[in-house]
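Engineer: Protein chains in written order, with our numbering: chain A, 89 to 500; chain B, 89 to 500.
Note that the Cβ used here is the ideal one computed from N, Cα and C, for glycine as well.
Please read all numbers here as calculations on a predicted model, not as lab measurements.
Number of protein chains: 2
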Amino acid sequence: MFNEVIEPPLSHMSWIEGSVDIPAGFAVFAAESGIIAGRPDMALIWSTRPAVISGLFTTNQVKAWPVLLTRKTVERGLCQAIIVNAGNANAANGPEGERDAKWIQNRTADGLKVPSRYVALASTGVIGVPLPMNKVSLGIDTLLEHWNANAPAGGKMAGEAILTTDQVPKILAAEIELPEGRVRLGVMAKGSGMIHPNMGTMLAFITTDADVEKPVQDELLRHAVDGSFHRVSVDGDSSTNDTVLMLANKSSHVSIKTTEAISRFQYALTHLLRQTARMIAADGEGASRLVTCRIEGAASGTDAAQKARAVVRSNLVKAAVYGQDPNWGRILAAIGTVGDPFEMDRVSIAVGLVDLFRHGVPVAFDETQAKAAMGLHEVVIVVDLGQGSCSEEAWGCDLTHRYVEINAQYRT
Amino acid sequence: MFNEVIEPPLSHMSWIEGSVDIPAGFAVFAAESGIIAGRPDMALIWSTRPAVISGLFTTNQVKAWPVLLTRKTVERGLCQAIIVNAGNANAANGPEGERDAKWIQNRTADGLKVPSRYVALASTGVIGVPLPMNKVSLGIDTLLEHWNANAPAGGKMAGEAILTTDQVPKILAAEIELPEGRVRLGVMAKGSGMIHPNMGTMLAFITTDADVEKPVQDELLRHAVDGSFHRVSVDGDSSTNDTVLMLANKSSHVSIKTTEAISRFQYALTHLLRQTARMIAADGEGASRLVTCRIEGAASGTDAAQKARAVVRSNLVKAAVYGQDPNWGRILAAIGTVGDPFEMDRVSIAVGLVDLFRHGVPVAFDETQAKAAMGLHEVVIVVDLGQGSCSEEAWGCDLTHRYVEINAQYRT
Numbered sequence: 089m090f091n092e093v094i095e096p097p098l099s100h101m102s103w104i105e106g107s108v109d110i111p112a113g114f115a116v117f118a119a120e121s122g123i124i125a126g127r128p129d130m131a132l133i134w135s136t137r138p139a140v141i142s143g144l145f146t147t148n149q150v151k152a153w154p155v156l157l158t159r160k161t162v163e164r165g166l167c168q169a170i171i172v173n174a175g176n177a178n179a180a181n182g183p184e185g186e187r188d189a190k191w192i193q194n195r196t197a198d199g200l201k202v203p204s205r206y207v208a209l210a211s212t213g214v215i216g217v218p219l220p221m222n223k224v225s226l227g228i229d230t231l232l233e234h235w236n237a238n239a240p241a242g243g244k245m246a247g248e249a250i251l252t253t254d255q256v257p258k259i260l261a262a263e264i265e266l267p268e269g270r271v272r273l274g275v276m277a278k279g280s281g282m283i284h285p286n287m288g289t290m291l292a293f294i295t296t297d298a299d300v301e302k303p304v305q306d307e308l309l310r311h312a313v314d315g316s317f318h319r320v321s322v323d324g325d326s327s328t329n330d331t332v333l334m335l336a337n338k339s340s341h342v343s344i345k346t347t348e349a350i351s352r353f354q355y356a357l358t359h360l361l362r363q364t365a366r367m368i369a370a371d372g373e374g375a376s377r378l379v380t381c382r383i384e385g386a387a388s389g390t391d392a393a394q395k396a397r398a399v400v401r402s403n404l405v406k407a408a409v410y411g412q413d414p415n416w417g418r419i420l421a422a423i424g425t426v427g428d429p430f431e432m433d434r435v436s437i438a439v440g441l442v443d444l445f446r447h448g449v450p451v452a453f454d455e456t457q458a459k460a461a462m463g464l465h466e467v468v469i470v471v472d473l474g475q476g477s478c479s480e481e482a483w484g485c486d487l488t489h490r491y492v493e494i495n496a497q498y499r500t
Numbered sequence: 089m090f091n092e093v094i095e096p097p098l099s100h101m102s103w104i105e106g107s108v109d110i111p112a113g114f115a116v117f118a119a120e121s122g123i124i125a126g127r128p129d130m131a132l133i134w135s136t137r138p139a140v141i142s143g144l145f146t147t148n149q150v151k152a153w154p155v156l157l158t159r160k161t162v163e164r165g166l167c168q169a170i171i172v173n174a175g176n177a178n179a180a181n182g183p184e185g186e187r188d189a190k191w192i193q194n195r196t197a198d199g200l201k202v203p204s205r206y207v208a209l210a211s212t213g214v215i216g217v218p219l220p221m222n223k224v225s226l227g228i229d230t231l232l233e234h235w236n237a238n239a240p241a242g243g244k245m246a247g248e249a250i251l252t253t254d255q256v257p258k259i260l261a262a263e264i265e266l267p268e269g270r271v272r273l274g275v276m277a278k279g280s281g282m283i284h285p286n287m288g289t290m291l292a293f294i295t296t297d298a299d300v301e302k303p304v305q306d307e308l309l310r311h312a313v314d315g316s317f318h319r320v321s322v323d324g325d326s327s328t329n330d331t332v333l334m335l336a337n338k339s340s341h342v343s344i345k346t347t348e349a350i351s352r353f354q355y356a357l358t359h360l361l362r363q364t365a366r367m368i369a370a371d372g373e374g375a376s377r378l379v380t381c382r383i384e385g386a387a388s389g390t391d392a393a394q395k396a397r398a399v400v401r402s403n404l405v406k407a408a409v410y411g412q413d414p415n416w417g418r419i420l421a422a423i424g425t426v427g428d429p430f431e432m433d434r435v436s437i438a439v440g441l442v443d444l445f446r447h448g449v450p451v452a453f454d455e456t457q458a459k460a461a462m463g464l465h466e467v468v469i470v471v472d473l474g475q476g477s478c479s480e481e482a483w484g485c486d487l488t489h490r491y492v493e494i495n496a497q498y499r500t
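Now the structure itself:
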């Protein structure tokens, strides 16, 4: 849906078609377990050698069983496989959920002939329902068969297998040129169905064949997620299952140690995850448009990011975008709810190239042009605060009839 | 719409049909100025003597001109008239908005033969558009004519005049028995159109013939609003125009000074505003149902209130209520996003009288009964945290197709 809006590659970074199996020493497989009838619903990411693992998890106080188990693997620091299912969150379903998660971990580890602690888990789907273990078991068997047979790359199918109400697989891969050599990065993600407010699960898995030490990778991932996925959902508002995992398996024999290497790698990783974040926003539940809000002229990056998020999370702004209504009053009111104070007579607001509000005064804009700017696949809202020189972006989607339909009928 | 759910009066409090004109020494008038074609859109609340004024305003950094002017009147402490218009927020429309607000204040004061500083203003409606001053001027003239003629009580019509997208006038009145005598309270309010997240304006005007000193009334109002309107919208998320004003004109010659009087008055005022808050929630934009969330068994009232608000503001819960889907997983996930940690195996969730989740385990509930409980005019979600003995409520409404329609088409 939004592959076409990918920005031109940076000079030391180039896009490659593919997914988490593009970095050397990784493979990915998919299976139809039957949890969701008639489509792939389980995926396995495999590293030929134990990889350094970093991870970030939901801040929700209600945590799914796979989150609780995988957190331990991340703390220990090594991982060789990630097994994912869609259709069932394995959360808030009583103690049997924990038993089931452990069974999946052990069964997968046995099949792959690795220690159980090297297997990470992630689930997404309905909360409070026991996992259908006969189906899950069948799915694991199929995944292991593919693995045994060294089946051809299943990147796209695996990308589909982890979706729930989102429509489009979110897979990307890139190559980075470093002074020390070339490394590759791959990502596979699923959307937080509803983006904002909360509770639609976001999963993202990142692989790299770089040689990165755990403390360095932890930092790299944290920074990249701050500048990407945290600009889609709102801090502190998260589902029971949100999980971001990154594996580095050293297969390239290029290590990320020098300042130059770390800085290039950070830039590329953040860029990759920002593109993924935009794809997630564009594919929000029922969404017809991607909404990008860029706050410019802020006194600090924190303030800019906070205000940008306030705009893309506002139901009123989201509904106005759906109706192609250039309602800058709602944008102005949204930025007024958070962050630092500002002088209104310095504020300007535009949608695309159409000025709506300039230095505190409404502009007599051309309605047809403004409506057209609100009708693009990507609606870009630019607010210049006139307070400083910092700018940040956030991404969301419009609020549509389809959104209400999907969420009024999800469970039943 | 929700007059029928008013709780039985407390022993020292009784409901009276009417509005802000019920307390002695107050009158209320309405006019059709033409800002909104074909319906009353301006209102005037009049006190025969200068009244002590307390007020609370939006925390949005973008404040409408009437808010900035009226804040000064509240700081000074005396007020004799409140003039309100719907259809135009008089916000973010450049310096002429300030000039217009001052003109309205002066013109009204001249007509009523009171000092300008005794006139408070409130506006609600579209942001960023200049006030149509020819219409406003006509409206003021009509209001002054009614005032001159001592026209019969216009409580209901004034209640209609201040509405925007909400449907039902929110007017209530009550009498309180105190050891010192009887005093009366009246309220007239309009809904925050969208309730949550933000930016639908909420206006509320409270009158009383009690004799209350300003510092006492400031405290009484603050407490009452904390337990009522702040349970509908979310702290910190507010429109450019939100205003709550309270006038006490001493006409009853009963003073609120003793601990007993203050305590009874506080209880009655809070109770009155809680009913108003419920009416506002029930009449949220496009709403088909009032959603009440009561959090019980919390360790603190703050935690209970925070979690109750998180439930009623969740788009996923709101959409589930619209679809009559007893999706307790979304309720559980919502309470996990805020406040204190909790042990999941102590948590129970019910809708109406139907248990959905008990001590951390899903209940095999009767779908028909649960669907019925989700289909009532008031859907009551009860969460028992099992952590302590505090409980608090919050109110919201469902998220409907109609909501999306209204907000996709508001301005154009």
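Can you have a look at B:M287 and say buried or exposed, based on whether 16 or more other CB atoms are within 10 angstroms of its CB?
Structural biologist: With a pLDDT of 44 at B:M287, under the threshold of 50, the predicted position of this residue should be treated as unreliable, and no value is reported.
Engineer: For the region 211-228 of chain B and the region 166-178 of chain B, state whether three or more C-beta atom pairs, one from each stretch, are separated by less than 8 Å.
Structural biologist: Touching, yes.
Engineer: Per DSSP, what kind of secondary structure is B:T253 in: helix, strand or coil?
Structural biologist: B:T253: coil per DSSP, three-state reduction.
Engineer: Hey, out of B:G474, B:L357, B:T425 and B:L333, whose CA is closest to A:N329's CA?
Structural biologist: Checking every option, the nearest Cα to that of A:N329 belongs to B:T425.
Engineer: Chain A partners of B:W483, CB-CB under 7 Å?
Structural biologist: Correct list: empty, because the minimum Cβ distance to chain A is about 17 Å.
Engineer: Contact between the region 152-169 of chain A and the region 425-441 of chain B is defined here as three or more beta-carbon pairs at a separation below 8 Å; is this criterion met?
Structural biologist: No, they do not touch.
Engineer: With DSSP as the reference, identify every bridge partner of A:S343, one or two as the case may be.
Structural biologist: A:S343 pairs with A:D299.
Engineer: Considering Cα atoms alone, identify which of B:A131, B:A496, B:E184 and B:S99 is closest to A:V405.
Structural biologist: Nearest of B:A131, B:A496, B:E184 and B:S99 to A:V405, Cα basis: B:A496.
Engineer: Interface residues of chain B around A:P154 at Cβ under 8 Å?
Structural biologist: Within chain B, no residue comes near A:P154; the closest Cβ sits about 15 Å away, beyond 8 Å.
Engineer: In chain order, what residues of the same chain have a beta carbon less than 7 Å from the beta carbon of A:C478, not counting five sequence neighbours either side?
Structural biologist: Within the same chain, A:C478 has close Cβ partners A386, A387, S388, G389 and A392.
Engineer: In angstroms, rounded to a whole number, what distance separates the CA positions of A:F145 and B:N415?
Structural biologist: If I take the Cα positions, the gap works out to 23 Å.
Engineer: Thinking just about the alpha-carbon of each residue, which of B:V379, B:E480 and B:L444 is nearest to the one in B:V468?
Structural biologist: The shortest C-alpha separation from B:V468 is found at B:V379.
Engineer: Check the Cβ-Cβ distances between A:V492 and every residue of chain B, and say whether any is below 7 Å.
Structural biologist: Answer yes: the Cβ-Cβ gap between A:V492 and chain B drops below 7 Å somewhere.
Engineer: Compare the Cα-Cα distances from A:Y206 to each of A:V224, A:T136 and A:P218 and report the closest residue.
Structural biologist: Of A:V224, A:T136 and A:P218, the residue nearest in Cα terms is A:T136.
Engineer: Indicate whether B:S142 and B:D129 have their beta-carbon atoms separated by less than 7 Å.
Structural biologist: Contact: no.
Engineer: Assuming contact is defined by CB atoms lying nearer than 7 Å, are A:T230 and A:A131 in contact in what I supplied?
Structural biologist: Result no, Cβ atoms of A:T230 and A:A131 do not sit closer than 7 Å.
Engineer: Should the region 438-453 of chain A be regarded as contacting the region 344-359 of chain A, the criterion being three or more beta carbon pairs within less than 8 Å?
Structural biologist: Because the criterion of three Cβ pairs below 8 Å is not met, the region 438-453 of chain A and the region 344-359 of chain A do not touch.
Engineer: Between the Cα of B:T295 and those of B:G106, B:E493 and B:I494, spot the shortest distance and give me the residue it belongs to.
Structural biologist: Checked all of B:G106, B:E493 and B:I494; the closest Cα to B:T295 is B:G106.
Engineer: Determine whether the Cβ of A:P220 lies closer than 7 Å to any Cβ atom of chain B.
Structural biologist: No, A:P220 does not count as interfacial toward chain B.
Engineer: Cβ closer than 8 Å: which chain B residues qualify as neighbours of A:S326?
Structural biologist: Near A:S326 (Cβ distances below 8 Å), the residues of chain B are T425.
Engineer: When the Cα of A:P203 is compared with those of A:P138, A:E466, A:V300 and A:D371, which residue comes out closest?
Structural biologist: Ranking the options by Cα distance to A:P203, first place goes to A:P138.
Engineer: Enumerate in chain order the residues of its own chain whose CB-to-CB distance from A:V271 is below 7 Å, with the five nearest sequence positions on each side excluded.
Structural biologist: Cβ neighbours of A:V271 beyond the five flanking positions: I264, T296, D297, A298, S340 and V342.
Engineer: Would you mind telling me which residues of chain B sit closer than 8 Å to A:Y355, beta carbon to beta carbon, in chain order?
Structural biologist: What A:Y355 touches in chain B: nothing, since even the nearest Cβ is about 32 Å away.
Engineer: Assuming B:H489 and A:V492 make a contact with CB atoms under 8 Å, what is their CB distance in whole Å?
Structural biologist: So it is a contact: roughly 5 Å between Cβ atoms.
Engineer: Could you check whether A:R382 and A:E481 sit closer than 7 Å to each other, using their CB atoms as the reference points?
Structural biologist: Yes, the Cβ-Cβ distance between A:E481 and A:R382 is below 7 Å.
Engineer: May I ask you to list, following chain order, the residues of the region 161-182 of chain B that have a beta carbon less than 9 Å from some beta carbon of chain A?
Structural biologist: Those would be A177, A179, A180, N181 and G182, in chain order.
Engineer: A:E268 to A:R159, Cα distance in whole Å?
Structural biologist: Approximately 32 Å, taken between the alpha carbons.
Engineer: Going along chain B, which residues have a C-beta under 9 Å from A:T488?
Structural biologist: Those within 9 Å of A:T488 in chain B are V492 and A496.
Engineer: Evaluate the contact criterion for the region 301-314 of chain B versus the region 395-413 of chain A: three or more CB pairs, one atom per stretch, below 8 Å.
Structural biologist: At 8 Å Cβ cutoff, the stretches do not touch.
Engineer: Which chain B residues are close to A:Q149, counting only those with a beta carbon under 7 Å from its beta carbon?
Structural biologist: Correct list: G424, P429 and F430.
Engineer: With DSSP as the reference, label A:V399 as helix, strand or coil.
Structural biologist: Helix at A:V399.
Engineer: Which ranges does the alpha helix (DSSP H) cover as unbroken runs of at least 4 residues, wholly within the region 345-399 of chain B, from first to last along the chain?
Structural biologist: Qualifying alpha helix (DSSP H) stretches, in chain order: 347-370.
Engineer: Would you kindly work out how many angstroms separate the C-alpha atoms of A:V108 and A:N181, rounded to a whole number?
Structural biologist: If I take the Cα positions, the gap works out to 31 Å.
Engineer: Of all Cβ atoms in chain B, is any one closer than 7 Å to the Cβ of A:L378?
Structural biologist: Not an interface residue.
Engineer: Please classify A:T136: does DSSP put it in a helix, a strand, or coil?
Structural biologist: Strand.
Engineer: For B:T364, count the other beta carbons within 10 Å of its own beta carbon; 16 or more makes it buried, fewer makes it exposed. Which is it?
Structural biologist: Classification of B:T364: buried, given that the 10 Å Cβ count is 16 or more.
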